Amino acid sequence: MPELPEVETVRRGLNQLTLNQGITGGDVLLQRTIAYPASIQKFIENIKTSSIKSWHRRGKYLLAELSPSSWLGVHLRMTGQLLWLNQDEPLHKHTRVRLFFADNHELRFVDQRTFGQMWYVPGNVPVESIITGLAKLAVDPFSPEFTVEYLANKLQKSRRPIKTALLDQSIVAGLGNIYADEALFKSGILPTTICTELDQKQIAPLRTAIIDVLSASIAVGGTTFSNFLNVKGVNGNYGGEAWVYNRAGEPCKVCGNVIQRIKLGGRSSHFCSECQS
237 MPELPEVETV RRGLNQLTLN QGITGGDVLL QRTIAYPASI QKFIENIKTS
287 SIKSWHRRGK YLLAELSPSS WLGVHLRMTG QLLWLNQDEP LHKHTRVRLF
337 FADNHELRFV DQRTFGQMWY VPGNVPVESI ITGLAKLAVD PFSPEFTVEY
387 LANKLQKSRR PIKTALLDQS IVAGLGNIYA DEALFKSGIL PTTICTELDQ
437 KQIAPLRTAI IDVLSASIAV GGTTFSNFLN VKGVNGNYGG EAWVYNRAGE
487 PCKVCGNVIQ RIKLGGRSSH FCSECQS
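Numbering of the sequence shown is given in the numbering used here, commencing with residue 237 and proceeding in unit increments.
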């Protein structure tokens, strides 16, 4: 699933390629991809003749601010891709939505698992009232509000393993399986550690590690382990730099100990038992 660095990579690419360009039309190939409005015809009618002022990110959500005043929301979910292509480019079999622009360009939403969604939100209603998942999001790791005190307050109320807690979007927005593993390694904390057992001397480096691994991944265009592509169809490069994620059975880059993998809360967790305690 695309996590914060992958979604941020897409946002930056969209801001480079699509700003101030008018949407001339569209085609919805899978109706359930459009979460709002219920009518596909209304979705196309509303978005047609709009232009894109700016793309924003909230957690793993992408929000296009449109003119006249309205919003286009996108969640890539597990396998979604937003690709900026020529309209005569052959359709991928998993193409779900096409938004047409001038000069024969289109923004194409490709989604193999079909869990991704799009929303059109009129300007006269709060975005959170339509895209309800936004209201449940915690602060962003790059927000000034993401302080040691904030993170400590959130974690010290939980009896869950720290890895499970970090995946909770009401604690840290945008963090997912890959970067939770990486941040725990960099801060020397085992994924099985119960949140209430952590003190601020451990939480402070964890906060720093979260920001550092997310920044490192954004710098190289995110991670591609399966199907993530940026808007130009290019893989992310963080996978080759990962400390522990997807490296079970390989030697730790720091101590040489074998990286282990366990199931925790139904998700794979990767760690080094020597560097993390």
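All C-beta atoms in this analysis are idealised placements derived from N, C-alpha and C, irrespective of residue type, glycine included.
Nothing here was measured: the structure is a model prediction, and the numbers come from that model.
Checklist entry - For residue 505, which beta-bridge partners are listed by DSSP? => result 498
Item to check | Element boundaries [alpha helix (DSSP H), containing residue 279] | outcome: 276–283
Checklist entry - Do residue 262 and residue 311 come within 9 Å of each other at the CB atom, strictly closer than that value? => result no
Checklist entry - Helix or strand or just coil, what does DSSP make of residue 430? => result strand
Checklist entry - For residue 408, does the three-state DSSP call read helix, strand or coil? => result coil
Checklist entry - To the nearest whole angstrom, what separates the beta carbons of residue 280 and residue 337, a pair I think is in contact under 8 Å? => result Contact flag wrong, Cβ pair sits at about 14 Å.
Item to check | Where residue 244 falls: helix, strand or coil (DSSP) | outcome: helix
Checklist entry - Short check: CB of residue 403 to CB of residue 503, under 9 Å? => result yes
Checklist entry - Hey, residue 362 and residue 446 are a contact pair by Cβ (cut 8 Å); roughly how many whole angstroms apart? => result That pair is no contact at about 29 Å.
Item to check | The beta strand (DSSP E) enclosing residue 286, as first and last residue numbers | outcome: From DSSP, residue 286 is part of no beta strand (DSSP E); its letter is neither H nor E.
Item to check | Check whether residue 384 and residue 440 have beta carbons under 9 Å apart | outcome: Taking 9 Å as the cut-off, the beta carbon of residue 384 is found closer than this to the beta carbon of residue 440.
Checklist entry - So, do the region 483–490 and the region 394–413 have three or more beta carbon pairs nearer to each other than 8 Å? => result no
Checklist entry - How would you label residue 268, buried or exposed, when you count the other beta carbons within 10 angstroms and need 16 or more for buried? => result exposed
Checklist entry - The beta strand (DSSP E) with residue 358 in it runs from where to where? => result Annotation for residue 358: the continuous beta strand (DSSP E) segment containing it runs 353–358.
Checklist entry - If residue 334 sits next to residue 342, beta carbons under 8 Å apart, how far is it from one beta carbon to the other, in whole angstroms? => result 5 Å
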